[in-house]
Structures are given as C-alpha cells and as structure tokens.
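Novice: Let me give you the structure first, and then I'll get to my questions.
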Amino acid sequence: MKPGSRLERHLGRLQLHLREATLWCARGRGSRTIFIILLLVVLFYMGRSQSYGGNLEEGTPMLNRRVYLDLGVNWGTTLRLYSELVQKAIQRNPDIETILSQKHHPWEIYGFEAHPLIQPFDEQFIRYLNGERQRPGAPIPPAGSHFHLTYYAAKCGCWDGEPVLHYDPAVHESAARRLEKRALKIRFKEMDRCMAKKFKKNLQSMHPDESLLQRSFVASRLNEAKTAPKSGIARFTFIPAAVGSEDGLALMPNVFEFQGIFAGGAHLANDTFERTLRHNRSAAISKTSDINTIDVFRNDSSYELLGPANHKEAIEVVRVDLVSWLVKNFSRDDFIVVKMDIEGSEHKVLDKLIEEGAADFIDVLAWECHSLDANICQNLERRVKDSGILLLEERDAYDGWDQYSSPETYPVLC
Numbered sequence: 436m437k438p439g440s441r442l443e444r445h446l447g448r449l450q451l452h453l454r455e456a457t458l459w460c461a462r463g464r465g466s467r468t469i470f471i472i473l474l475l476v477v478l479f480y481m482g483r484s485q486s487y488g489g490n491l492e493e494g495t496p497m498l499n500r501r502v503y504l505d506l507g508v509n510w511g512t513t514l515r516l517y518s519e520l521v522q523k524a525i526q527r528n529p530d531i532e533t534i535l536s537q538k539h540h541p542w543e544i545y546g547f548e549a550h551p552l553i554q555p556f557d558e559q560f561i562r563y564l565n566g567e568r569q570r571p572g573a574p575i576p577p578a579g580s581h582f583h584l585t586y587y588a589a590k591c592g593c594w595d596g597e598p599v600l601h602y603d604p605a606v607h608e609s610a611a612r613r614l615e616k617r618a619l620k621i622r623f624k625e626m627d628r629c630m631a632k633k634f635k636k637n638l639q640s641m642h643p644d645e646s647l648l649q650r651s652f653v654a655s656r657l658n659e660a661k662t663a664p665k666s667g668i669a670r671f672t673f674i675p676a677a678v679g680s681e682d683g684l685a686l687m688p689n690v691f692e693f694q695g696i697f698a699g700g701a702h703l704a705n706d707t708f709e710r711t712l713r714h715n716r717s718a719a720i721s722k723t724s725d726i727n728t729i730d731v732f733r734n735d736s737s738y739e740l741l742g743p744a745n746h747k748e749a750i751e752v753v754r755v756d757l758v759s760w761l762v763k764n765f766s767r768d769d770f771i772v773v774k775m776d777i778e779g780s781e782h783k784v785l786d787k788l789i790e791e792g793a794a795d796f797i798d799v800l801a802w803e804c805h806s807l808d809a810n811i812c813q814n815l816e817r818r819v820k821d822s823g824i825l826l827l828e829e830r831d832a833y834d835g836w837d838q839y840s841s842p843e844t845y846p847v848l849c
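When we follow my numbering, the leftmost residue of the sequence shown carries the number 436, and every step to the right adds one.
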C-alpha cells in the first residue's frame, strides 16, 4: 500500500508552527503573529504544490483525486469501466473501499487512442460523455478484438454458431489445442472478409482528423491533468496519442488495414521496422497536409476492400511518455486505476514505471499482456505484483467492455 499521506505531514508541521505563533501572541507581539500565520499558510500551500512536482495551478484543490487512465480506448467501450474495476479490486482487497471513501474529488478519466481512423469517433464520444452533444453512432460495430467481433458478426451472418467469448491461454498448448487455435484463426479471417464487405461504404468514409494528430493539440489535452474537475461530476478527457516510454512521434503502419480498424489490435512499428520504413527506397515518403505518411506495400486483397487510394499508408502519431506525465501531474496520495491494452507497448512502459520507483502511483492495473513468448509476460506480471500494484487480468476479472457498452447495447445495421 502507498506510504503515509503527505497532507498529514504538512498539517503536522502547520500545527507545530501555529503553536509557536500562539506563544508569540501571548508575549504581546500580535502584529508579528498575524504576519507569521499568513506566512505559514503560504509555505504550507507551497509545500503541497511541491509534493505534486510543482506543476499545479495555484488555488486549485488537488488532494484526494480519483483517476482512471484508459490506455487503448479503441471504440470507447471501456471508458466507463473504472467502477467495475474498483468493485473487482475491493473483492481482492477490502481496504480499498476505505481508501476510496477518503477521496472527495469526482472521477477524472483520461482516454488514450493512437489509431488515426478511430480518433475522430472517440473525440465525439467523449464530448457525449461530458454532456456536450448527443451520442454519436459508431461507423462500424465497436469491437475490441476478434472475439468481441463474433458477437456482431453473428448478427450479420458472418459467424456461424455461438460467439466466442475468449481463448483461454492458460490451457496447456497440446497438439490438438494448436490445431484448434489454427482453425479458429482461419474462421476469424473468413469473418474479417465477410464483415469488410458488409461495411465497405462505412470503412471507405473513415478518414483521419488532422487537428487531432498535432503535437500541440495533444499537449493541450495532457495539460488538463494539472487541475482536478471543478464540478461535482466525472470529467472525461480524450488524448489522441499512443503511450510509450518516451515522448515523440511513432509510426503506425497499415493504418487502413482491416484488423486494426474493425477488431482492435493496431500496432506501432517497432524500432527496426520503423527504420526500414523511413529509409527504405521502396517506401515513398509523402506529405498530406500536416499528416506525415509513408507508403507501405501490401498485396493481400482483403485490404483492397477498404477502397481509398492511400490505404497502404503509415501515419505518424504522437507518442506520450506515460510515466513522466503521470509523475508530473499526479500524486502517490491519489487513487489511480489503469486499464492497459496497448498492443505490446506495455513492456517498455511498465519497465520504466518500476525502474524509476513510480509503481506506487498506480493502485489498480487491469491489463492484457502481449508477447509471443509466455515467459516474458509471466516475468513482467511477477514484477508488477511485487511492486505492490493490484493486478487484474482481462477476460479473467473483467470483459473487454463496460456495463454501458456490451454488444447488446449497440444496434448493428449490417
């Protein structure tokens, strides 16, 4: 559990100095007492600001915040998952209920999404959650995985039989199991092609919003974390960016690839692939307004269903150093819940969090680990648990959607 409250330590110092000021008053030095009291109040608030890294706006009450970071918003189906994650966490550790009762600010939710074609919907959906507009309609079924997509595909005639909830990785990978898994992948590919044809026009109408891809815009959204919500209701902030272990730009190849749009799982280029894309003479670098793009040549006919001339392009997206942003804007005294589904980037992010001694900023982590080597994920899971973070596994402790976003809540117009 987190160390003792810094606020309590500041209050203890303030009480001590106030007792000293009272003795000054008893000695007939009242005018000096008023000055000292005012000075102590100023020093107290300066000390409180320093405990948060010195980056907070003056006069804004920042203590006892309740924060939810949705890393990998996709179609917004987990933006309100925090209440369910908290209940799961309380079942594991009942002390969390007492801790939360001491936090008085409304929830503040920060949702990160890197996919340029999904970002425009997320921007409007979060405006809806903040009460600024009517609920927008998703251009395609809002699935976060192939398993999730089977619910919608069954309604569209693209999946035979019952939807598949998930594929349990804990089951021993026998030869029969591997054959079953291979057969499931083939069925998924057939489902992909069928759903792409059903929603071809909608897919062709999806385009990036250039304003959301600007570093200055992302920075302005990140700065909202400097202040807690002023009203008594939850505040949602959309941050159109990828998360990583350092600030900068990252390449997302195959932006118009079906799987990344329709079933979640869009990956950033790894370091080697990115260097190849940037320097390979067969990859033509172009500039479309303010969006940097790089042609990526693919021959799979399934991608051609998407239609637009630039369906082969990779796009540069903003990448945020999550750990530095977290430490700069929040405190160990805050209650922070994180949902992390960032397609492999979790390894560098969590390594940095632990190595820099910032793991105690996070109270609850709900995650999905991505790696072809199960031992890598098991080792990372052990390190996260050893750091004191309460860990919840996707598909074990929670589904891939919140209670407001289950497949039954979305009409599917095939």
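Beta carbons are placed, not taken as given, at the ideal position from N, Cα and C, and that holds for glycine.
When you compare only the Cα positions, how much space is there between proline 664 and lysine 620?
Specialist: In a straight line, the C-alpha of proline 664 is about 45 Å away from that of lysine 620.
Novice: Nearer than 8 Å: is that true of the beta carbon of valine 690 relative to any heavy atom of the ligand MG?
Specialist: Looking for the ligand MG in the displayed structure turns up nothing, as the structure carries no ligands at all.
Novice: For the beta strand (DSSP E) holding leucine 800, just list the boundary residues, first then last.
Specialist: 799–802
Novice: Which residues in the same chain as valine 508 place their Cβ atom closer than 7 Å to its Cβ, once the five residues preceding and following it in sequence are excluded?
Specialist: Its chain contains Leu514, Gly546, Phe547, Glu548, Asp557 as the residues whose beta carbon lies nearer than 7 Å to that of valine 508, once the 5 sequence neighbours on both sides are disregarded; these appear in chain order.
Novice: Quick check: the stretch 768–775 against the stretch 798–807, are there 3 or more CB pairs under 8 Å?
Specialist: Touching, yes, given that three or more Cβ pairs across the two stretches are closer than 8 Å.
Novice: Within 10 Å of its beta-carbon, does leucine 552 have 16 or more other beta-carbons around it, so buried, or fewer, so exposed?
Specialist: buried
Novice: Let me know the secondary structure DSSP gives tyrosine 586 once reduced to three states.
Specialist: helix
Novice: Buried or exposed: where does asparagine 814 fall if 16 or more other Cβ atoms within 10 Å of its Cβ makes it buried?
Specialist: exposed
Novice: Tell me which same chain residues have a C-beta within less than 6 Å of the C-beta of alanine 793, skipping the five on either side of it?
Specialist: Excluding residues within five positions, the ones whose Cβ falls inside 6 Å are Val758, Val762.
Novice: Using the C-alpha atoms, what's the distance from tyrosine 587 back to glutamate 543?
Specialist: 31 Å
Novice: Mind reading off the beta-carbon distance from histidine 550 to alanine 701? Whole number of angstroms is fine, and I expect it under 8 Å.
Specialist: Going by Cβ atoms, the distance from histidine 550 to alanine 701 rounds to 5 Å, so yes, they are a contact pair.
Novice: Throw me the rounded Cβ distance for the arginine 777 and valine 653 pair, which I believe falls under 8 Å.
Specialist: Residue 777 is actually isoleucine in this sequence, not arginine. Between valine 653 and isoleucine 777 the Cβ distance is about 16 Å, and since that is not below 8 Å, they are no contact.
Novice: Does DSSP put isoleucine 696 in a helix, a strand or coil?
Specialist: If DSSP states are grouped into helix, strand and coil, isoleucine 696 belongs with the helices.
Novice: For the stretch 648–662 and the stretch 556–575, state whether three or more C-beta atom pairs, one from each stretch, are separated by less than 8 Å.
Specialist: no
Novice: With proline 643 and isoleucine 575 assumed to form a contact (beta carbons below 8 Å), what rounded beta-carbon distance in angstroms separates them?
Specialist: The pair is not a contact, with the Cβ atoms about 16 Å apart (cut-off 8 Å).
Novice: Which residue from Arg501, Tyr839, Asp837, Phe673 puts its Cα closest to that of glycine 667?
Specialist: Arg501
Novice: Excluding five sequence neighbours on each side, which residues of the same chain lie with their C-beta closer than 6 Å to the C-beta of arginine 670?
Specialist: Glu543, Pro664
Novice: Are the beta-carbon atoms belonging to glutamine 559 and leucine 647 less than 9 Å from one another?
Specialist: With a cutoff of 9 Å on beta-carbon distance, glutamine 559 and leucine 647 are scored as not near each other.
Novice: Is the Cβ-Cβ distance between serine 640 and aspartate 756 less than 9 Å?
Specialist: no
Novice: Measure the CB-CB distance between leucine 785 and arginine 818 and report whether it falls below 9 Å.
Specialist: yes
Novice: May I ask you to list the residues that DSSP assigns as paired with aspartate 627?
Specialist: The secondary-structure analysis by DSSP pairs aspartate 627 with nothing; it has no beta-bridge partner.
Novice: Which one of Ile696, Glu645, Pro688, Glu692 has the shortest CA to CA distance from proline 675?
Specialist: Glu645
Novice: Using the C-alpha atoms, what's the distance from cysteine 593 back to methionine 630?
Specialist: 6 Å
Novice: What's the gap between the Cα of aspartate 627 and the Cα of histidine 540?
Specialist: 43 Å
Novice: Between threonine 585 and serine 840, which are expected to be in contact by the criterion C-beta below 8 Å, what is the C-beta distance as a whole number of angstroms?
Specialist: The C-beta separation of threonine 585 from serine 840 comes to about 16 Å, leaving the pair out of contact by the 8 Å criterion.
Novice: What is the residue span of the alpha helix (DSSP H) that valine 819 lies within?
Specialist: 809–821
Novice: Considering only their Cβ atoms, is the gap separating leucine 827 from arginine 527 smaller than 9 Å?
Specialist: A Cβ-Cβ contact shorter than 9 Å links arginine 527 with leucine 827.
Novice: Just to check my reading of the structure: arginine 650 and valine 753 have Cβ atoms closer than 8 Å, yes? What is that Cβ distance to the nearest angstrom?
Specialist: In this structure arginine 650 touches valine 753 by the C-beta definition: roughly 5 Å separates them, less than 8 Å.
Novice: Any idea which residues DSSP pairs arginine 501 with across the strands?
Specialist: According to DSSP, which records beta bridges pairwise, arginine 501 is partnered with Trp542, Phe770.
Novice: Rounded to whole angstroms, what is the Cα-Cα separation between alanine 589 and glycine 579?
Specialist: 16 Å
Novice: Which residue from Asp837, Met687, Ile824 puts its Cα closest to that of serine 780?
Specialist: Met687
Novice: May I ask you to report which of helix, strand or coil DSSP gives threonine 513?
Specialist: coil
Novice: Nearest to glycine 683 by alpha carbon, out of Phe634, Asp505, Leu703, Glu803?
Specialist: Leu703
Novice: Among residues of its own chain, excluding the 5 on either side of isoleucine 811, which ones have a beta-carbon nearer than 6 Å to its beta-carbon?
Specialist: none
Novice: Please report how far the alpha carbon of glycine 742 lies from the alpha carbon of cysteine 849, in whole angstroms.
Specialist: The predicted position of glycine 742 is uncertain, since its pLDDT is 38 and thus under 50; no value can be drawn from it.
Novice: Within 10 Å of its beta-carbon, does valine 606 have 16 or more other beta-carbons around it, so buried, or fewer, so exposed?
Specialist: Note that valine 606 scores a pLDDT of 49, beneath 50, so its modelled location is shaky; the value from the coordinates is reported in the next line. Result: exposed.
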